[in-house]
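Protein chains: 2
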Amino acid sequence: MYPVIVSLDPPKDKDCSWALEIAQSLPVERVKVGLPLILADPTCLQLISRLRYTIADLKLADVGHIMSIVMERLAEAGVRAVIAHAFVGWEGALKEASLKAKELGLDLYLVVSMTHKGFDDSKLYEFINLAYKANAKGVVAPATKPWVIKTVRRWWSREIISPGVGPQGAKPCDAIKAGADYEIVGRLITMSEKPEEVLKQYEKCKG
Amino acid sequence: MYPVIVSLDPPKDKDCSWALEIAQSLPVERVKVGLPLILADPTCLQLISRLRYTIADLKLADVGHIMSIVMERLAEAGVRAVIAHAFVGWEGALKEASLKAKELGLDLYLVVSMTHKGFDDSKLYEFINLAYKANAKGVVAPATKPWVIKTVRRWWSREIISPGVGPQGAKPCDAIKAGADYEIVGRLITMSEKPEEVLKQYEKCKG
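Chains as they are written, first to last, in numbering that gives the first Met the number 0: chain D, 0 to 206; chain G, 0 to 206.
Encoded structure:
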């Protein structure tokens, strides 16, 4: 299996069948589903979850009470993991969310940095500490900023999953070479006529 | 009309009909809908939007490309306003989101502070500046921290909408007395047997 999580954000004219076909046809263990697909067709979450280890990427960033209700709904739909933002902090937010994740058997990933230029990376160490405190399975750190991944790798022993490959600027293997465990790839695969060839580039990431 | 936005987060056993009944029966102009209701019944967003000025509170905190797709879906459903997090920053995130909101005719609100203890308020001024830059219609600031609302009121001339009244700790009118324009009230109204009496407390907020 390739160290790739396929991000199933549908283009405007596509719906669940598009996402299902991709999830089913590609040799990857994991897929990531976000608001674009859920709003287009919310029943899709359940269908996708039956096929693959599905990460719900709602980038949760609310108080604990609301994140908990949302996680209950996601667990009911069969998703295996959720992504929340580290920046919301512990007391009243991630404390409750991490307890709820444990109760529901959901894997928790925390965003410690983002792919875009405007994101402020000054709290990176604090966010990594929060990820340990929340007993996160992994953190999300950007392929577009390999220096961030290298820093995270030095301080974080569990999974790093990394978006930003393709239109956002990074190339396949950039994040893995910097220390990530998985790259999250969307359009570069889902819009490709030969997605398998994109995946094959991952055979040689680690040299 | 009362200076109240009713937050329609359903308890576990309730669905869209519960939310519609509340939206229809109460003398308020605006309601707020979040992930708990959307995941329970996504078609509900359209139905609610026909009845009231509906704010989609997904606390968007993603890159510009994803926030834009989500806003397109929300506008199609008929919502009038969206809430995004200021902390994601400008370049690659709020820059694109604010352009998209303008294009779609959506009102944009930015979260500049949150109700819970663990939220770090050290970037409040920066977030208010971002709200001006994004041409936000308003900002979200917590009723549980009246000192934050007072600070925001000094620097921000447009709307302040304020959650945290009820189980989260603030009392009706706390935020308005501190300078907010609307209080966002959920369970205190939606779980009340006499919601009109809760609303009546708002008649004397400014007196």
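All residues carry an ideal CB built from backbone N, CA and C; glycine is no exception.
As the structure is a computational prediction, the values presented were derived from the model and not from experiment.
Checklist entry - Counting only runs that start and end within the segment 110 to 175 of chain G, where is the beta strand (DSSP E) found for 3 or more residues in a row? => result Inside the segment 110 to 175 of chain G, DSSP marks whole beta strand (DSSP E) runs of 3 or more residues at positions 137 to 139, 158 to 164, from first to last along the chain.
Item to check | Distance, isoleucine 159/G Cα to glutamine 167/G Cα | outcome: As a first step, residue 167/G must be located in the second sequence, where it is residue number 168. As a first step, residue 159/G must be located in the second sequence, where it is residue number 160. Across the structure, glutamine 167/G and isoleucine 159/G are spaced so that their CA atoms are roughly 18 angstroms apart.
Checklist entry - Between the Cα of valine 78/G and the Cα atoms of Ile47/G, Gly88/G, Glu196/G, Val87/G, which residue gives the shortest distance? => result Taking the second sequence and counting its residues from 1, the one referred to as residue 78/G is at position 79. Of the listed residues, the one whose Cα sits closest to valine 78/G is Ile47/G.
Next on the checklist: My output table needs one value for threonine 53/G: the three-state DSSP class, helix, strand or coil.
Outcome noted: Within the second sequence, numbered from 1, the residue matching residue 53/G stands at position 54. In this structure, threonine 53/G counts as strand in the three-state DSSP scheme.
Next on the checklist: Can you look up tyrosine 201/D in the DSSP assignment and give me helix, strand or coil?
Outcome noted: Along the first sequence, one-based indexing puts residue 201/D at 202. Three-state result, tyrosine 201/D: helix.
Checklist entry - Taking the alpha carbon of lysine 132/D as the point to measure from, which residue in Ala74/D, Ser6/D, Lys101/D, Ala39/D has its own alpha carbon closest? => result By one-based count along the first sequence, residue 132/D stands at place 133. Answer by Cα proximity: Lys101/D.
Next on the checklist: With the cut-off set at 9 angstroms, would you say alanine 80/G and tyrosine 124/G are in Cβ contact?
Outcome noted: Here residue 80/G is taken as the residue at index 81 of the second sequence, counted from 1. Here residue 124/G is taken as the residue at index 125 of the second sequence, counted from 1. At least 9 angstroms separates the beta-carbon of alanine 80/G from that of tyrosine 124/G.
Checklist entry - Would a check of beta-carbon distances place threonine 189/G closer than 9 angstroms to chain D? => result The residue given as residue 189/G occupies position 190 in the second sequence. Chain D contact via Cβ: absent.
Next on the checklist: List, in chain order, every chain D residue whose beta-carbon is nearer than 7 angstroms to that of alanine 140/G.
Outcome noted: Within the second sequence, the letter at position 141 stands for residue 140/G. Ordered by position in chain D, no residue passes the 7 angstroms Cβ test against alanine 140/G, which lies about 14 angstroms from the chain.
Next on the checklist: As a quick exercise: from Ile21/D, Glu95/D, Asp12/D, Ala83/D, pick the residue whose alpha carbon is nearest that of glutamate 195/D.
Outcome noted: As a position in the first sequence, residue 195/D is number 196, starting the count at 1. Taking only the C-alpha atoms, the option nearest glutamate 195/D is Ile21/D.
Next on the checklist: Closest to methionine 190/G by C-alpha separation, out of Ser6/G, Met0/G, Tyr1/G, Pro2/G, would be which residue?
Outcome noted: Residue 190/G sits at position 191 when you count from the first residue of the second sequence. Shortest Cα-Cα distance from methionine 190/G to any of Ser6/G, Met0/G, Tyr1/G, Pro2/G involves Ser6/G.
Checklist entry - Mind pulling the alpha helix (DSSP H) runs of 4 or more residues that sit fully within the segment 47 to 111 of chain G? => result Within the segment 47 to 111 of chain G, the complete alpha helix (DSSP H) runs of at least 4 residues are 63 to 76, 94 to 103.
Checklist entry - For glutamate 182/D, does the three-state DSSP call read helix, strand or coil? => result Position 183 of the first sequence holds residue 182/D. Correct three-state label for glutamate 182/D: strand.
Next on the checklist: Would you say methionine 113/G lies against chain D (beta-carbon separation less than 9 angstroms)?
Outcome noted: Counting from 1 along the second sequence, the entry for residue 113/G is found at position 114. Residue contact with chain D for methionine 113/G: present (Cβ-Cβ distance below 9 angstroms to some residue of chain D).
Next on the checklist: So, with DSSP's three-state summary, where would you put serine 16/D?
Outcome noted: For the purposes of this step, residue 16/D is taken as residue 17 along the first sequence, with counting starting at 1. Residue state, collapsed to three classes: helix.
Next on the checklist: Is it the case that the segment 100 to 120 of chain D contacts the segment 79 to 98 of chain G, given that we only count it when at least three CB pairs across the two stretches are under 8 angstroms?
Outcome noted: Inter-segment contact for the segment 79 to 98 of chain G and the segment 100 to 120 of chain D is present: three or more beta-carbon pairs are separated by less than 8 angstroms.
Next on the checklist: Taking DSSP's pairing of strands, which residues face valine 5/D in a bridge?
Outcome noted: In the first sequence, the residue the question calls residue 5/D occupies position 6. According to DSSP, which records beta bridges pairwise, valine 5/D is partnered with Val30/D, Val184/D.
Checklist entry - CB alanine 60/D to CB leucine 44/D, shorter than 9 angstroms? => result Indexing the first sequence from 1 puts residue 60/D at position 61. Indexing the first sequence from 1 puts residue 44/D at position 45. Going by C-beta atoms, alanine 60/D is not nearer than 9 angstroms to leucine 44/D.
Checklist entry - If contact means a Cβ-Cβ distance below 8 angstroms, which residues of the segment 79 to 96 of chain G contact chain C? => result This model lacks chain C altogether, as its protein chains are D and G.
Next on the checklist: alanine 130/G and arginine 152/G - do their beta-carbons sit closer together than 9 angstroms?
Outcome noted: Counted from its first residue, the second sequence places residue 152/G at position 153. Counted from its first residue, the second sequence places residue 130/G at position 131. Arginine 152/G is not a Cβ neighbour of alanine 130/G, given a cutoff of 9 angstroms.
Checklist entry - Taking C-beta to C-beta, are valine 110/D and valine 69/D nearer than 9 angstroms? => result The count along the first sequence starts at 1 and reaches residue 110/D at position 111. The count along the first sequence starts at 1 and reaches residue 69/D at position 70. By the CB criterion at 9 angstroms, valine 110/D and valine 69/D fall outside the cutoff.
Next on the checklist: Using a 10 Å radius around the Cβ and a threshold of 16 neighbouring Cβ atoms, would you call aspartate 12/G buried or exposed?
Outcome noted: Reading the second sequence from its first residue, position 13 is the one you call residue 12/G. Flag for aspartate 12/G reads exposed.
Next on the checklist: Closer than 7 angstroms between beta carbons: that is the criterion. Which residues of the segment 121 to 150 of chain G meet it against chain D?
Outcome noted: Hits within the stretch: zero.
Item to check | Counted within 10 angstroms of its Cβ, other Cβ atoms place tryptophan 146/D as buried (16 or more) or exposed | outcome: One-based indexing of the first sequence puts residue 146/D at position 147. By the C-beta density criterion, tryptophan 146/D is exposed, having fewer than 16 other C-beta atoms within 10 angstroms.
Checklist entry - Could one say the Cβ of glutamine 45/G lies closer than 9 angstroms to chain D's Cβ atoms, at least one of them? => result Start at 1 with the first residue of the second sequence, and residue 45/G comes out as number 46. Closer than 9 angstroms to the CB of glutamine 45/G there is not a single CB belonging to chain D.
Item to check | Amino acids of chain G, ordered along the chain, whose beta-carbon sits closer than 8 angstroms to that of valine 117/D | outcome: Counted from its first residue, the first sequence places residue 117/D at position 118. Going by the sequence as given, residue 117/D is glycine instead of valine. In chain order: Val87, Gly88, Trp89, Glu90, Gly91, Ala92, Leu93, Lys94.
Checklist entry - For chain D, is any of its Cβ atoms less than 9 angstroms away from the one on aspartate 14/G? => result Sequence index remark: in the second sequence, residue 14/G carries index 15 (1-based). Under the Cβ distance rule, aspartate 14/G does not count among the residues neighbouring chain D, no pair being separated by less than 9 angstroms.
Next on the checklist: For lysine 199/D, count the other beta carbons within 10 Å of its own beta carbon; 16 or more makes it buried, fewer makes it exposed. Which is it?
Outcome noted: On the first sequence, residue 199/D is found 200 positions in, with the first residue counted as 1. So lysine 199/D counts as exposed.
Item to check | Cβ separation of lysine 94/D and glycine 63/D, assumed to be a contact under 8 angstroms, to the nearest whole Å | outcome: To locate residue 94/D, count along the first sequence from 1; it is residue 95. To locate residue 63/D, count along the first sequence from 1; it is residue 64. Yes, lysine 94/D and glycine 63/D are in contact; Cβ-Cβ is about 6 angstroms, under 8 angstroms.
Checklist entry - How about aspartate 173/D: is its C-beta nearer than 9 angstroms to some C-beta of chain G? => result In the first sequence, counting from the first residue as 1, residue 173/D sits at position 174. Closer than 9 angstroms: no.
Checklist entry - Measuring CB to CB, does leucine 19/D end up less than 9 angstroms from leucine 34/D? => result Sequence index remark: in the first sequence, residue 19/D carries index 20 (1-based). Sequence index remark: in the first sequence, residue 34/D carries index 35 (1-based). In this structure, leucine 19/D sits away from leucine 34/D, with a CB-CB distance that is not shorter than 9 angstroms.
Next on the checklist: For histidine 84/G, which residues in the same chain have their Cβ closer than 8 angstroms to its Cβ, ignoring the five residues on either side in sequence?
Outcome noted: Along the second sequence, read from residue 1 onward, the residue named residue 84/G stands at position 85. Lys58, Leu59, Ala60, Leu109, Val110.
Next on the checklist: Please identify the residue among Tyr201/D, Ala92/D, Thr42/D whose C-alpha is closest to the C-alpha of lysine 170/D.
Outcome noted: Sequence index remark: in the first sequence, residue 170/D carries index 171 (1-based). When the alpha-carbon of lysine 170/D is set against those of Tyr201/D, Ala92/D, Thr42/D, the nearest one is in Tyr201/D.
Checklist entry - Under 8 angstroms from any heavy atom of the ligand FAD, does the C-beta of alanine 100/G make it? => result The ligand FAD is absent from the structure shown, which contains no ligands of any kind.
Next on the checklist: If we define contact as Cβ-Cβ less than 9 angstroms, is lysine 11/G a contact residue for chain D?
Outcome noted: One-based indexing of the second sequence puts residue 11/G at position 12. For lysine 11/G, at least one C-beta of chain D is nearer than 9 angstroms to its own C-beta.
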